Amino acid sequence: MELVSGFQALLQELSPTMTAPSFLSFCTVAAGWLISGRGVVTRMITAAGSGATKHYSSYYRFLNAASWSLDKMGLWRSQHDRASLQRGRDARPR
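The sequence shown begins at 0 in numbering that gives the first Met the number 0 and counts up by one.
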């Protein structure tokens, strides 16, 4: 599944917060969620189309037991956003 480069870049920024196999599953689920507009995992996998290369149980397992932490992702994202805001503030003319 081809993703818009900006969305792909956003997802790539989260890769340090999980293992490589978990990151691939995360990308598939996130892309499927974006396309399907629903929170049902099976619909997300179906919407991901050819990007969903694993059995559907792998994506459920990713969400339930994989090596990733929602807290870790949230903390990393907030630190990244804070740094981006600071860079923007520093770049403004005075």
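For every residue, glycine included, the Cβ atom is placed at its ideal position computed from N, Cα and C.
These numbers were taken from a predicted model, which means no experiment stands behind them.
For the alpha helix (DSSP H) that residue i lies in, which residues bound it at each end?
| i | result |
| --- | --- |
| residue 62 | 55-64 |
| residue 41 | 40-47 |
| residue 4 | 4-12 |
Alpha carbon to alpha carbon, what distance is there between residue j and residue i?
| i | j | result |
| --- | --- | --- |
| residue 60 | residue 75 | 23 angstroms |
| residue 78 | residue 89 | 16 angstroms |
| residue 84 | residue 4 | 21 angstroms |
Name the residue from the options whose alpha carbon lies nearest to the alpha carbon of residue i.
| i | options | result |
| --- | --- | --- |
| residue 40 | 55, 50 and 26 | 55 |
| residue 51 | 34, 69, 27 and 10 | 27 |
| residue 33 | 62, 7 and 81 | 7 |
| residue 58 | 16, 44 and 69 | 44 |
For residue i, collect the residues of the same chain with a Cβ closer than 8 angstroms to its Cβ; drop the 5 residues on either side in sequence, then sort them by chain order.
| i | result |
| --- | --- |
| residue 13 | 22, 25, 72, 75 and 76 |
| residue 87 | none |
Near residue i, what residues of its chain come up, given a Cβ to Cβ distance below 6 angstroms and the 5 sequence neighbours on each side ignored?
| i | result |
| --- | --- |
| residue 47 | 0, 27, 30 and 31 |
Looking at residue i and the ligand NAD, is the gap between the Cβ and the nearest heavy atom below 7 angstroms?
| i | result |
| --- | --- |
| residue 83 | The ligand NAD is absent from the structure shown, which contains no ligands of any kind. |
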